[in-house]
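S.K.: Pasting a structure here, questions to come.
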Amino acid sequence: MAQRQLIRTTAETPIGRMMMASDGEALTELCLEDWWWVTKNQQHDNGTPDSELEVFRITRDWLQAYFADERPSLSQAPPMNPAGTPFQHEVWQLVAEIPYGMTASYGEIAAELSERRGGGRMAAQAVGGAVKHNPITIIVPCHRVVGSGRAFGGYGGRLDIKAELLEHEGVDITRFDLLDIRPV
18 MAQRQLIRTT AETPIGRMMM ASDGEALTEL CLEDWWWVTK NQQHDNGTPD SELEVFRITR
78 DWLQAYFADE RPSLSQAPPM NPAGTPFQHE VWQLVAEIPY GMTASYGEIA AELSERRGGG
138 RMAAQAVGGA VKHNPITIIV PCHRVVGSGR AFGGYGGRLD IKAELLEHEG VDITRFDLLD
198 IRPV
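Position in the sequence shown (first residue = 1) + 17 = the numbering used here.
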């Protein structure tokens, strides 16, 4: 399978510089520049006129509205075409349905996915793996996925950023066991 040629650029946000990628028509990636899976070739604007594609303008507008507490909807998001397996796409669709200011546990997402598939068991760990590989953060709000009980769960963009995003949305994060999540 041939790898897609992606156009890359950046967007400045209150939580730091975000990397964006597009296949020319849809957003394929959106993450913080220091996410665990960002490679060196993803870390810089390619400097071409294509880096100002309409999809990037829509993404920047969506992010600006999000950080201005305007609660942009998924219908206002750019077209998206993230690379992933059919299972990952199913999980990401469920994550995209988590309302602003709310959270869902990996187990709750697994149960919902199981129900949508007509029954059977679904492992929360499998959901966690798919959430971890979500290439379009914030718009597909993986920061809203938490562990069960008081567990905070993980986040590819650092746990302090996850806490900041949830606080921005009005989530009371004191309900979670937050060991020292702030960076030093």
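We put the CB at the ideal spot given by N, CA and C, even for glycine.
Between which two residues does the alpha helix (DSSP H) holding S131 run?
M.R.: As a position in the sequence shown, residue 131 is number 114, starting the count at 1. Per DSSP, S131 belongs to the alpha helix (DSSP H) from Y123 to R133.
S.K.: Which same chain residues end up closer than 6 Å to A82 when comparing Cβ atoms and leaving out the 5 residues on each side of it in sequence?
M.R.: For the purposes of this step, residue 82 is taken as the residue at position 65 of the sequence shown. Hits under 6 Å: P89.
S.K.: Between the alpha carbons of G136 and A28, how many angstroms are there, rounded?
M.R.: To locate residue 136, count along the sequence shown from 1; it is residue 119. To locate residue 28, count along the sequence shown from 1; it is residue 11. So the alpha carbons of these two residues sit roughly 41 Å apart.
S.K.: Run the CB neighbour count on T26, radius 10 Å, all protein chains shown included, and call it buried at 16 or more, exposed below.
M.R.: Residue mapping note: residue 26 aligns to position 9 of the sequence shown, counting from 1. Buried, because 16 or more other Cβ atoms sit within 10 Å of the Cβ of T26.
S.K.: By a C-beta neighbour count over all protein chains shown, 10 Å radius and 16 as the cutoff for buried, is P31 buried or exposed?
M.R.: Residue 31 sits at position 14 when you count from the first residue of the sequence shown. Exposed, by the Cβ-count rule.
S.K.: So, does the CB of R192 fall closer than 8 Å to a CB anywhere in chain D?
M.R.: No chain D appears in this structure, which consists of one protein chain only.
S.K.: Excluding the 5 residues flanking P96 on each side, which residues of the same chain have their C-beta closer than 6 Å to its C-beta?
M.R.: Looking up residue 96 in the sequence shown gives position 79. Closer than 6 Å at the Cβ level, and outside the excluded window around P96, lie A43.
S.K.: Indicate the three-state DSSP secondary structure (helix, strand or coil) for S39 in the structure shown.
M.R.: As a position in the sequence shown, residue 39 is number 22, starting the count at 1. Three-state result, S39: strand.
S.K.: Would you mind listing the alpha helix (DSSP H) stretches within the segment 77 to 155 that are 4+ residues and don't spill past its ends, in chain order?
M.R.: Here the runs fully enclosed are 103 to 113, 123 to 133 and 141 to 149.
S.K.: G187: buried (16+ other C-beta within 10 angstroms of its C-beta) or exposed?
M.R.: Counting from 1 along the sequence shown, the entry for residue 187 is found at position 170. Exposed.
S.K.: Can you give the Cα-Cα distance for F169 and L195, rounded to whole angstroms?
M.R.: Here residue 169 refers to the residue found at position 152 when the sequence shown is read from its first residue. Here residue 195 refers to the residue found at position 178 when the sequence shown is read from its first residue. Approximately 7 Å, taken between the alpha carbons.
S.K.: I think I155 touches L70, with their Cβ atoms under 8 Å apart; what is that distance to the nearest whole Å?
M.R.: Locating residue 155 in the sequence shown gives position 138, where the first residue counts as 1. Locating residue 70 in the sequence shown gives position 53, where the first residue counts as 1. Not really, about 19 Å apart at Cβ, beyond 8 Å.
S.K.: Quick check: what's the CA-CA separation for L49 versus A38?
M.R.: The sequence position of residue 49 within the sequence shown is 32, counting from 1. The sequence position of residue 38 within the sequence shown is 21, counting from 1. Taking the straight line from one Cα to the other gives about 12 Å.
S.K.: If we ignore side chains and look at the alpha-carbon of each, how far apart do H160 and L91 end up?
M.R.: Reading the sequence shown from its first residue, position 143 is the one you call residue 160. Reading the sequence shown from its first residue, position 74 is the one you call residue 91. Near 15 Å, if we compare the C-alpha coordinates of L91 and H160.
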